[in-house]
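Undergrad: Under my numbering, the sequence shown is numbered contiguously, ending at residue 1115.
Note that the Cβ used here is the ideal one computed from N, Cα and C, for glycine as well.
Mind having a look at this structure? Questions to follow.
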Amino acid sequence: MEGEKSGLSDHCRICRSDFDFCRHPYQKSSTLVTVMNIIVLGLNHRTAPVELRELLAIQDSRMGEALGRLMAYPGIKEAMYLGTCNRVEVYAVVEKGEWGIRQLEEFLVSTHFSLSAEDLLPHLYRYSDDEAIAHLFRVAASLDSMVVGEPQVLGQVKEAYELALTHRSSGVILNKVVKKAISVGKSVRTNTRIGEYAVSVSYAAVELAKKVFSNLKQRVVLLVGAGEMGKLAAQYLVNQGVKEVLIMNRNHHRAFTLAERFHGQAVPYEQLRNTLPKVDIVICATGAPHYVISRDDVEVAVHHRMNRPMFFIDITVPRNIDPAVKDVDNAYVFDIDDLKAHVGHNQKERLKEAEI
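Listed below in structure tokens is the structure:
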């Protein structure tokens, strides 16, 4: 019907006419032209557990060094690293596709001292040229996400691209490919209804909290950090009428700003251990590359609470809450992979809207 919003398949068909740019020629000399390949190597929530994904996480502060190591491999001309809670992917422009894939495998294995090729390689997917570009389009359009239609991934693709530009690892080919992928992602969100359904990992976390505490209205919530999904979870809890929200961040000014937003109270980060016994629900969403809440912290808190239950939501990769906390009586911990099992509601509607 005229005027009706188009489905995702229409957008992907339009984009396929541009796929020939993945074989962009590089002029190596006045007489020699080398044809490049674009490749992607990665893993996601479907192919690897969070225990493995978190080992590959690279902090923004280390991205320059990491991209420098990647660009030092012979034959790699351009590169971009995309890391989110649910995926780690490396996009590269290379002279030889198969050789480039081997180099990306070596790079990923080298990112953490405890990784071995035997542990990592079976979890990886590998795409070249048209398939690599189609995959990036699907990622940017949130079709490859744990929650189809979630809005965060498009911003994460933009951030990954900006880091590649900052560290000068993106060139002619990646610039064109990523800009086109971002355009596709925007078009899908604008011209389909894929993002209209109120389903997210954050929402699923709140639904789980309601199963632990039948009534949330007298509960005290602690938000540690300022990650986007953590803020969404806090907002859902506020909408449920929780009694109080405490905000904790290493940047106390940022904590104070968030506290105003949620009509809550900013608490000094150094008071984390002393604050835990006072709260019922803890949401961890920091950018820390290590645990910020230990099993010992929780054992002490539960003891002071006279064994009243505590609910922990860890929406971070690497994880911020020691997995051993799950062994503490009356402590309920859900990490990003645990939440995956609870986001199926409305997924069929989103996929139907995407017309896959």
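Apart from the five residues on each side of it in sequence, which residues of its chain come closer than 7 Å, Cβ to Cβ, to A1025?
TA: Spatial neighbours of A1025 in its own chain (CB-CB distance under 7 Å, excluding positions within 5 residues in sequence) are listed in chain order as I1006, H1011, A1014, F1015 and A1018.
Undergrad: On the three-state DSSP scale, how would you describe Q818?
TA: coil
Undergrad: Distance, Cα to Cα, E854 vs S904?
TA: Distance between the alpha carbons of E854 and S904 is about 30 Å.
Undergrad: Could you check the C-alpha separation between P833 and S942 for me, to the nearest Å?
TA: 31 Å
Undergrad: For E1033, name the three-state secondary structure that DSSP assigns.
TA: Sequence check: residue 1033 is Asn here, not Glu. Here N1033 sits in helix by DSSP.
Undergrad: Roughly how many angstroms lie between the CA atoms of A891 and V799, to the nearest whole one?
TA: 6 Å
Undergrad: Just to confirm my understanding: we take P1077, look at its own chain, exclude 5 residues before and 5 after, and list those with CB closer than 6 Å. What are they?
TA: E813, A816 and P1048
Undergrad: When the distance is taken between beta carbons, is M795 closer than 9 Å to A919?
TA: The answer is no: Cβ separation not under 9 Å.
Undergrad: Just tell me which of A964, V937, Q999 and A985 has its CA closest to the CA of Q977.
TA: Q999
Undergrad: Confirm, please, whether the CB-CB distance from H804 to D1073 is below 9 Å.
TA: no
Undergrad: Is it right to say S973 is buried, meaning 16 or more other beta carbons lie within 10 angstroms of its own, or is it exposed?
TA: exposed
Undergrad: What are the boundary residues of the alpha helix (DSSP H) that D1081 is part of?
TA: Run containing D1081: none; DSSP gives neither H nor E here.
Undergrad: Beta-carbon separation of V971 and V1001 under 9 Å?
TA: no
Undergrad: Quick one: is K787 buried, meaning 16 or more other Cβ sit within 10 Å of its Cβ, or exposed?
TA: For K787, the predicted structure reports a pLDDT of 46, less than 50, and the residue's modelled location is therefore unreliable. A value from the coordinates is still provided. Exposed, because fewer than 16 other Cβ atoms sit within 10 Å of the Cβ of K787.
Undergrad: Can you tell which of V1061, D1094, I1080 and K1099 has the C-alpha that lies nearest to the C-alpha of V1087?
TA: V1061
Undergrad: Name the one or two DSSP bridge partners that D1056 has.
TA: Answer is none; D1056 lacks a bridge partner.
Undergrad: May I ask you to report which of helix, strand or coil DSSP gives L975?
TA: coil
Undergrad: Using only alpha-carbon positions, find the residue among V868, H926 and N845 that is nearest to L1137.
TA: Outside the displayed span of the chain (760 to 1115) sits residue 1137, for which this structure offers no information.
Undergrad: Quick one: Cα of A940 to Cα of V906, how far?
TA: Between A940 and V906, the C-alpha separation is close to 19 Å.
Undergrad: Would you identify the three-state DSSP class for V907, choosing helix, strand or coil?
TA: coil
Undergrad: Find out if the Cβ-Cβ distance for the pair I860, S887 is shorter than 9 Å.
TA: Yes.
Undergrad: By the three-class DSSP mapping on this structure, what secondary structure does Q999 have?
TA: Secondary structure of Q999 (DSSP, three-state): coil.
Undergrad: Determine the burial state of F896: buried for a count of at least 16 other Cβ atoms within 10 Å of its Cβ, exposed for fewer.
TA: buried
Undergrad: Excluding sequence positions up to five away, which residues of its chain have a Cβ less than 6 Å from the Cβ of A968?
TA: I1040 and F1070
Undergrad: State the beta-bridge partners of S887 as determined by DSSP.
TA: I798
Undergrad: Taking 9 Å as the cut-off, decide whether the C-beta atoms of L879 and E857 are in contact.
TA: no
Undergrad: Consider the Cβ of L841: report whether some Cβ of chain D lies at a distance smaller than 9 Å.
TA: Of the protein chains in the structure, only one exists, and it is not chain D.
Undergrad: Any idea if F866 is buried or exposed, counting beta-carbon neighbours within 10 angstroms, 16 or more meaning buried?
TA: buried
Undergrad: Tell me the DSSP secondary structure of M1065 in three-state form.
TA: M1065 sits in coil when the DSSP states are folded into three classes, being neither helix nor strand.
Undergrad: Please return the same chain residues whose Cβ sits closer than 6 Å to the Cβ of K836, not counting the five positions on each side in sequence.
TA: V852
Undergrad: Take L874 and list the residues in its own chain whose beta-carbon comes closer than 7 Å to its own, dropping the five residues that flank it on each side.
TA: L814 and V868
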